[in-house]
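S.K.:
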Amino acid sequence: MKTLSSLVLATGITLLATASQNLFATDIIPAAKQQQTILIKGGTLHTVTDGVKANHDMLLVDGKISQIAPAIAAPEGATIVDAQGKQVYPGLIGMATTLGLVEVGAVRATRDSSEVGRMTPEVKAHIAFNADSEIIPTVRSNGVTHAQIAPGGRGLNGQSSLMQLDGWNWQDALVKQGTGMHLNWPSVGINKAFWESRTPEQQKKAQQKAAKQFEKSFSQIKAYAKARDENANAPVDLRWEAMRAVLKGDMPLYVNANDYRQIEQAVHFAEREALSLVIVGGRDADKAADLLIKHKVPVIYTSAWGRTWRSDEAMDRAFSMPALLESKGVQYALAIASDWPVRNLPFAAGQSIAYGASKEKALHSVTLAPAKILGVDDKMGSLTVGKQANLVISAGDLFDHLTHKVDMVLIDGRQIDIDNRHKRLHRKYSKKPRLN
Amino acid sequence: MKKLGQASIAAVLAVLGASSVYADQTSHVYGIHDRSSTHFAFTNATIHIEPGKVITNGTLVIENGRVISVKANGKIPKGATEIDLSAHTVYPGFIDAYSNYAFDKDKKKPGGGRNDAPVYNGQRKGGNAWNDAIHAQVDWSSEFKADSKGAEKYIKNGFTAVQTAKLDGIFQGQAVTVSLGNGIPNDLIYRANGRHFGSFDKGSSKQAYPSSLMGSISLIRQTLSDANWYQKANGKTDTLFSGELVEYNAGLEGVSELAQTGLIFNAEDYLSTLRADKLFDQFGVSVSYLADGFEYSRIDQIKKSEATFVLPLNYPKKPDVTSYESQLDVSLAELRHWERAPTNAATMENNGISFAFTQQGLNKTGDFWSKVKRTVKHGLSEKTALAALTTMPAKLAGISGSAGKLKPGMFADFVITDGNIFADGKIKSVYMQGKEKHFSDVKPISLAGTFELMLGSESLTLELTQKSSKVTGKLSKGDKEQNVTVHSKSGDAIQFSADLSELGLDGVHRFSGRVSAQSFSGYQVNNNAERTPFTAQRNNTSVENLKKENANNKVQEPKSMVGSLTTPNRAFGTNSAPERQNVHIKNATVWTSEDAGTLKNTDVIIRNGKIHKIGNKLKTPKGYLAIDGTGKHVTAGIIDEHSHIAISKGVNEGSDAITSEVRIGDVVNPDDINIYRALAGGTTMAQLLHGSANPVGGQAQVIKLRWGTNAETMKEKRAPGSIKFALGENVKQSNWGDNYTIRYPQTRMGVETIVRDAFIRAQDYKASWDKYDDLSSREKKITAPPRRNYRLDALVEIMEKKRFVHSHSYVASEILSLMKIAESFDFNIQTFTHILEGYKVADEMAAHGASASTFSDWWAYKFEVIDAIPTNTCLMMERGVNVSINSDSGDLIRRLNTEAAKSVQYCGMSEEDALKMVTINPAIQLKVDQYTGSLKKGKDADFVIWSGNPLSIYSQVEQTWIDGRNYFNRNQDKEQRVLLAKEKNQLIQKILATDNKKSNGNNGHKVGKSKTSSDQIYLLKEEAQWHCDDNFDFWHWKSAQLGGQK
């Protein structure tokens, strides 16, 4: 039986990484499948589904959580992780990200997130997923184990996929495809940004036109689906074919909507067409709380640090939104809809607590809530026996910069190398000789 | 003596007009000389000789286009034709001092957009200025030609003369004051050399410079200085430097006239008016500003400017609050302005500010008078209103001696109305140089009335109704009635037809007749083509009743204001700047950001805006505000080395590689809500930096976030001058698009060289001044002085260590090379900002003496930040570099505390060091550390009270203080939200209560029928959220926007 303190484990990984630098400086090797049983001993378990359990043990077998108890005897050959005084969380799940799709934002050659055209429901995000992205290791080393990746754009953008963040290639990293069809709801209201060159009248006209166009396109899609449903020999159109699962309610429609009017329109549209709906954005979600609850529509709130939108709104409105949604009973997940900033997801949860969300709900909003929206809550999102062993061990409170210190990350029971480009560059330049 | 009816007068004058096309002295006369009589006496009128001077029963005598006499009960001179104006009023003709009459034909073409290739050089011809936005040499009098169609929109409102020029560019040329009559310019030009016109907007100039407001201000400053230099240097030899004669420059000659002629300047908004006033004051130019209608909201400052104004009356349409949904687009600031805008003129009057009205800027000139009346209803005195239409604009147009009053010898320019024009009087006629423009008859014949009509044996009642020019009618018999169709009417004649089958007469009958005071008579043709005469006697229904009815339809104007007026006038503005208080904070955890470290259970005493004492269990001095700090933390106010909040109209003057002449200090925007939001995050001081579009950017401005004060008060005067430099992708235009590949530099090599070149030029420049200053006064008389160059002045200041460089930078190579440049010119780079690869050259930076201000964890957004790491702070600090964390955004400036905490997270920095990165360290970088940045006896009382550890994500700012004044207080903020919501709803209710049906175009709009209203949906543009690399041409953008609206 080997007993590794996580400190020793971390050192071991560091040594491993240093050794590998001799060959390929940028490669971090994805962890192998869990071979040995792992026993996490004495940690404070943030289970999400069953409260916080101080000083508990957790047994991980074959990539799954097999037991949680105050004291578990170490099975033969188990690796023991001493988590005494440490905080154990389920792996965080990033929603609506572009991880692996964008490497360097300003360099066009490295952008694969938006296909040309306003109607591209046929494209699937995981196809372009770069498992070797240098960004991903910097995100998972902060405790994010999974990410939904979604195509961007200005209309019907395409399908998202759920990835685990330690894979050899997209096929290896893919957890679930078709997690949602992503649509930007047509804009509403008057844009008062300094750069908007259209008059309010022109804006309104354009919006009416866009709304009409949207309805027209949608009826075209419906006509196609009907033709295909009733005649298997009808010709295939890859674009509209992709929408059939959405029309059947099998694939949720993720609608990017921030303004109350967008949310209201989207909810009633989904009701009329019997679609499964998820709102992404949600800066006015509190104003539509009744509707969202009535129609059981979850919100992926993406403005944890958002700026106050309207000039006369309170300065902390965006910060307070999670707490507002919690108090009204709207189902929500917190997300950072971007690439590298996804590593700040734990602190988004912390921010929501500072502005009134409960600790339980904040944790829920970055773990089980996204898992539920993704339809994988039977597999992940909480420390529950039978679920995947996706977990994060931090020396202190994961959500505060002052205490956040990730010692270990596991995905499916695999111990992930938490080294990254930043740590490597740090090590290199720590060794630069001083000038004299 | 014969009295002429009004109608025939018009006819006579029409003949006069036709024959007097060439009435000047010099033209040849072809045909018979016109010597028609021009001698008229207008009698029995109420005459406004000038504002405040009225005579009743007056007689106005004119001849040859001039006023001969104005007297009460005056005699009619021999030979004069009398025009009886009893029950009418005469005003001096109105004057618009700011117009583009006759020059508005060729529409201003927008300059290049971002998709066009940039144009760096101006078009040179005829000794013009180097910059195409400057054409002060143009005399618009030489381009003037009457435009009778264009004149109409003025004349119909009673205007008789305008001062006009083409409104295009920065120095637009010299305006000409002209009569709005028709004829040859020689007769119409009242004053050939009027004021110059100007604006900040470069207009149709395609040249890249200037691309921002601060660039325009700098261009004006340099141009005014150049004009002074040109006066002194013209004709002299520049023997010291090049041996050449001073160039010929017509543009500068034109600008030199400004001191004599004065200027009317369109600054576009009240903040920019204050900016322009500061600028022009330095050069002694007298300026009248085009008002933007918001002057009331900072009236004290506007008053202090002692400027005069030209005031458009463009009031906002009612904001759309008809539904919850549409209300989401409406802000409190918009609602407040909707309510208060019509009081602007009255507020200016009450503050003794002089102004003239203008039609310029009005969406629909037909609304002009309804807006004037609305202004009077909102408190402006009729006397001042009349002055704003007559004597004030006459003064601004340089024609006080000949127009604006009705005095003997002045032009016979006047307006005849049928009553008080500020109440319900309508304009009937406008006379320009004694020639009439006729709108409606002085004594109109009303067709309205009820007439008893005999058709054969049938007795019918005809009822004619007249509403302005439209006549309708109906025939009735007993309780049966039939509408008639009016086909034509002219003067007292009318023709109509009606199917009279319903009334017992067969077929359609046609009527042609004339109406008089007693009857309506003429002929009717029946269905059998029988033509018979008729005479119908008038019954007693009168026009008077109709008039009364109309009077009752008047819109009730709101009397009292339900909206507040704050500084700035928007949500979370303040009623008054916070009072300075003496404070005793008890028993708090005090983070000193000094060697003393973090002190638990400690008291702080604030006295007279300074930190007076830090100690334990201190007594609360009498009269001090005691704050229980138990469980709370107190830190110094947070300082941001790199911010772009509170900047108006462009953060980059990116149109040239070196723009050290532009100044952020010229464009500080005290109204930006981001100031308040930053205070709510504990920030008390920020360095507002120019963007990173060019290697040498503009001069920076350090401000304290004194929300609720003005731009000048916010400036931290004790901070030494600083300036933005930039390196890397932005300055070599890597991400500007394919058109931007021609300006030097395009590589880091070129960046190094052009900066070096600039400093060599600055050295030469300094040397030339030194030589000049050493000359004897006799030598100075014959030597052209060096031209003051604001761009090089700033670089000289850097070399003289009076101005300090903050350089945007990312990669190691460029950091090293900039330090080498500085060293070779014997100065230091004060701070490398962003500096994401600072950790690679930290020793070198420490050796040079440069400090670093970086992002906490940004990376991967562009290629040059691919090696950025979140432990940059620790690595630099370990090597002895002073390190701070900056925001570069209105977002992060609200939470620099947790940005600093990221260094605790990523590299285990001590909490005290982390906090220093946003307090004392940036204070050192801005060279204000002796005044602020830490909690130490004698320093400014700039501090923050936090709910817990200031670095924790769970803590909130409770209070932010600057100079012992409480600028942010979370509890008060919460109370204010409730009050603001209430106020907003009251304003909405007020709008909803305004009767839609009776509002005309000037007071609101019918829901869903915005086409019928002259006003567009009213919105206040929101502040730009500038970032470093927000480089675009503000003026080109603006003109494209205006183009889009047309």
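So the protein lines, in turn, are chains C and P. Mapping the first sequence onto the numbering used here, position 129 (from 1) lands on 130, and the numbers just tick up by one. Mapping the second sequence onto the numbering used here, position 374 (from 1) lands on 423, and the numbers just tick up by one. The beta-carbon is built from N, C-alpha and C at its ideal position, and this holds for glycine as well. Quantities reported herein were computed from a predicted structural model and do not represent experimental measurements.
Where does the unbroken alpha helix (DSSP H) through C:Leu325 begin, and where does it stop?
M.R.: 318 to 329
S.K.: To which residues of the same chain is C:Asp398 closer than 6 Å at the C-beta, ignoring the five residues directly before and after it?
M.R.: Hits under 6 Å: Thr404.
S.K.: For the beta strand (DSSP E) containing P:Lys659, list its first residue and its last residue.
M.R.: 659 to 664
S.K.: Applying a beta-carbon distance threshold of less than 9 Å, which residues of chain B neighbour P:Thr708?
M.R.: Of the protein chains in the structure, C and P, none is chain B.
S.K.: Roughly how many angstroms lie between the CA atoms of P:Ala706 and P:Glu1071, to the nearest whole one?
M.R.: 29 Å
S.K.: Since I believe P:Ile772 is in contact with P:Gln748 (beta carbons under 8 Å), could you give me their beta-carbon distance rounded to a whole number of angstroms?
M.R.: 5 Å
S.K.: Which residues bound the beta strand (DSSP E) around P:Val751?
M.R.: 750 to 753
S.K.: To the nearest angstrom, report how far apart P:Gln879 and P:Trp1084 are at their CA atoms.
M.R.: Taking the CA atoms as reference points, P:Gln879 sits about 33 Å from P:Trp1084.
S.K.: Let's see if you can read the secondary structure: which residues bound the alpha helix (DSSP H) around P:Thr651?
M.R.: No alpha helix (DSSP H) holds P:Thr651; the beta strand (DSSP E) holding it covers 647 to 656.
S.K.: Once you ignore the five residues that flank C:Val377 on each side, which residues in its own chain have a CB closer than 8 Å to its CB?
M.R.: Leu163, Val176, Lys177
S.K.: Nearest by alpha-carbon distance to P:Arg840: which of P:Ser261, P:Leu268, P:Thr392, P:Leu381 is it?
M.R.: P:Leu268
S.K.: Using a cut-off of 9 Å between C-beta atoms, extract the partners of P:Glu374 located in chain C.
M.R.: Val189, Gly190, Tyr261, Arg262, Glu265
S.K.: Under 7 Å Cβ to Cβ from P:Arg837, same chain only, skipping five residues before and after it: list those, please.
M.R.: Taken in chain order, the residues that qualify are Ser274, Trp278.
S.K.: Using the Cβ count rule (16 or more neighbours within 10 Å means buried), how would you classify P:Glu593?
M.R.: Unreliable placement is indicated for P:Glu593, whose pLDDT of 46 sits below 50; no coordinate value is reported for it.
S.K.: Measuring CB atoms only, is the segment 140 to 151 of chain C touching the segment 350 to 357 of chain C, in the sense that at least three cross pairs come out at less than 8 Å?
M.R.: no
S.K.: What do you reckon, are the CB atoms on P:Ala901 and P:Met925 nearer than 8 Å?
M.R.: Yes. Within cutoff.
S.K.: Taking Cβ positions only, does C:Met316 come closer than 8 Å to chain P?
M.R.: yes
S.K.: Roughly how many angstroms lie between the CA atoms of P:Val78 and P:Ser305, to the nearest whole one?
M.R.: Taking the Cα positions, P:Val78 is about 41 Å away from P:Ser305.
S.K.: Using a Cβ-Cβ distance cut-off of 8 Å, determine whether C:Asp340 contacts chain P.
M.R.: Interface with chain P (8 Å Cβ-Cβ cutoff): C:Asp340 is included.
S.K.: Does DSSP put P:Trp1010 in a helix, in a strand, or in coil?
M.R.: strand
S.K.: Measuring only the C-alpha atoms, how far is C:Arg422 from P:Glu886?
M.R.: 14 Å
S.K.: Can you check whether the C-beta of C:Ser431 is within less than 8 Å of a C-beta belonging to chain P?
M.R.: yes
S.K.: As a quick exercise: from P:Asp153, P:Ser86, P:Trp1010, P:Thr286, pick the residue whose alpha carbon is nearest that of P:Ile660.
M.R.: Comparing Cα positions, the closest option is P:Trp1010.
S.K.: Please name the residue or residues paired with P:Phe583 in a DSSP beta bridge.
M.R.: P:Gly571
S.K.: Confirm, please, whether the CB-CB distance from C:Pro253 to C:Ser277 is below 8 Å.
M.R.: In terms of Cβ geometry, C:Ser277 and C:Pro253 form a close pair [threshold 8 Å].
S.K.: Counting pairs of Cβ atoms below 8 Å between the segment 391 to 406 of chain P and the segment 426 to 434 of chain P, do you hit three or more?
M.R.: Contact annotation: the segment 391 to 406 of chain P touches the segment 426 to 434 of chain P, with at least three C-beta pairs closer than 8 Å.
S.K.: Residues of the segment 350 to 367 of chain C in Cβ contact with chain P at a cutoff of 7 Å, in chain order, please.
M.R.: Gly351, Gln352, Ile354, Ala355
S.K.: Can you tell me which of the three DSSP states P:Gln1005 falls into?
M.R.: coil
S.K.: Look at the alpha carbon of P:Leu667 and the alpha carbon of P:Asp652, and state the distance between them as a whole number of angstroms.
M.R.: The C-alpha of P:Asp652 is placed about 6 Å away from the C-alpha of P:Leu667.
S.K.: Just how far apart, CA to CA, sit C:Gln43 and C:Arg318?
M.R.: The question names Gln, yet the displayed sequence has Gly at residue 43 of chain C. Taking the straight line joining both Cα atoms gives about 39 Å.
S.K.: Taking P:Thr802 as the reference, which of P:Gln309, P:Pro744, P:Lys829, P:Lys764 has the closest Cα?
M.R.: P:Pro744
S.K.: Does the beta carbon of P:Glu388 sit closer than 8 Å to a beta carbon anywhere in chain C?
M.R.: For P:Glu388, not one C-beta of chain C is nearer than 8 Å to its own C-beta.
S.K.: Tell me which residue opens and which closes the alpha helix (DSSP H) that C:Asp230 is part of.
M.R.: 201 to 231
S.K.: Quick one: is C:Lys424 buried, meaning 16 or more other Cβ sit within 10 Å of its Cβ, or exposed?
M.R.: buried
S.K.: Can you confirm whether the segment 311 to 321 of chain P touches the segment 248 to 255 of chain P when touching is taken to mean that 3 or more C-beta pairs between the two stretches lie within less than 8 Å?
M.R.: yes
S.K.: Return the residue from the list C:His127, C:His427, C:Asp420 that minimises the CA-CA distance to C:Asn170.
M.R.: The residue with the shortest Cα to Cα distance from C:Asn170 is C:His127.
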